[in-house]
Structure formats: structure tokens, C-alpha cells
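Residue numbers (our numbering): 1 to 219. Think of the CB as a built atom: it goes at the ideal place given N, C-alpha and C, for glycine as much as any other residue. Data block below; observations after.
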């Protein structure tokens, strides 16, 4: 994490350096990102940089932690106030996760590289925490619904949650593809159009998902 000297910089300077660093790391693996090129672009001497961070990995960890924290805040601030229905919560996460990725592509790309164990310099425990953060919300909620009988008791909760994560990824790709098609077809495509696409697609998707694991259908 940054040294105290970095926190003494003005918020504007911190944000400017964060944006440049994000640009340097977001769209390529950690090993391919050049610290020297970043510092040259930022007009910052290496000696000055080392007053702020212990090194390249320290800066990378700072970026990833900040982006992950921003993502968690975004999701929590838009989640239902009283999340007690598994399907309602999952659909909300489906929409919010997809919306976040579409609105902040550089954040999404950074987290993808950061959680790829073949490319990431981060420790495995940190990678797993970032990749599986939705499990903390969905797994206990699903188990409670199984006890109530609204989700089949013989449905493997861990397997269902794994598929939920896979479905989030694939749903994002589906919406991204549909949005790109509409943008190519119309110059008037907007953010609200993207939000509507997410809402419509998620409703259709959840009808199929509910049928798959509801108590009365899965035996």
C-alpha cells in the first residue's frame, strides 16, 4: 500500500496518478506493464516514486484493492435494502455486475488480469477473495431457501453458486454483444438503452433459472 508521503499529495494529484497507472496496467498482464514508461508519462522521477510506493507490485496491489473496493461499494449501494429472496438477489447481482463492467471497462479488465493465476503477481488467497466475493452473499441465502423448501434440497449449493458466477460472466458477454449490435445499427444508442437491455435480458434469463432449481421442478 502507498507510503504516508503519497497520502500527503493533493487528491487531484493522487487521482491523476491513479488514472495513469490504471491505463498502464488495465489492459495487459502485470509483467508487460512498464513502470519506467508510466513514470515517464507521469513526469515523475523514480526516486520520487519510491517515496510513495515500495515498488511496482506495491503500486499494482494499491490499484487492484482500490478498484475492488469501488466495485464492492457500487454493488452494495445498489442492492435491495432487505435481500431475503435468493432469485431476487441473484438477478440484482446479475444486472449490477453487468452494468459495472460495461460502465467501467478498465476496472473490469484490471480485475480480470489480477485474478488470472497464470498472469497475476498477487497471492492466491487475495485472488480467490476477489474472484469469489459473490459467494458470501449467495451461498448462505441459497441454503436458507433450501431449508424453506423453495429451492430443491438435493441441489448442490456450492455447484449452483459456481454456475451463478459462470452465468454472470456469460450474461455480461451476451449483453455486451447485443449492445454492440444495437450501437452499430443506430447512432442514437445510449446508456439508458444499455440499462434497458440488461433489465430485459435478465428477466428472461431468471425465468429459466428459477425453473431449473426451484423446489417443485428439481427432484
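Contact between residue 164 and residue 141 does not hold, since their C-beta atoms are separated by about 11 Å, which reaches or exceeds 8 Å. At a Cβ-Cβ threshold of 7 Å, residue 26 and residue 110 count as neighbours. Taken atom to atom, the span from the alpha-carbon of residue 30 to that of residue 61 is near 11 Å. For residue 137, the enclosing alpha helix (DSSP H) begins and ends at 135-148. For residue 4, the closest of 42, 58, 52 and 78 by C-alpha to C-alpha distance is 52.
Rounded to whole angstroms, the Cβ separation of residue 101 and residue 172 is 5 Å, and the two are in contact under 8 Å. Using a C-beta cut-off of 8 Å, the stretch 79-95 makes contact with the stretch 141-157, since at least three inter-stretch Cβ pairs fall below that distance. With three or more CB-CB distances shorter than 8 Å, the stretch 128-138 counts as touching the stretch 152-166. With respect to the 7 Å criterion, residue 96 and residue 122 are not classified as neighbours on the basis of their beta carbons. Of 71, 106 and 48, the smallest CA-CA separation from residue 20 is found for 106. Residue 161: member of the alpha helix (DSSP H) spanning 157-185, first to last residue. Exposure of residue 16 is indicated by the presence of fewer than 16 other C-beta atoms within 10 angstroms of its C-beta. When the five nearest sequence neighbours on each side are left out, the beta carbons in the same chain lying within less than 8 Å of the beta carbon of residue 58 are those of 1 and 2, in order along the chain. Taken through DSSP and simplified to helix, strand or coil, residue 28 comes out as coil.
In the DSSP annotation of this structure, the continuous segment of the alpha helix (DSSP H) that includes residue 92 starts and ends at 86-103. Judged by their CB atoms, residue 56 and residue 35 are nearer to each other than the 7 Å cut-off.
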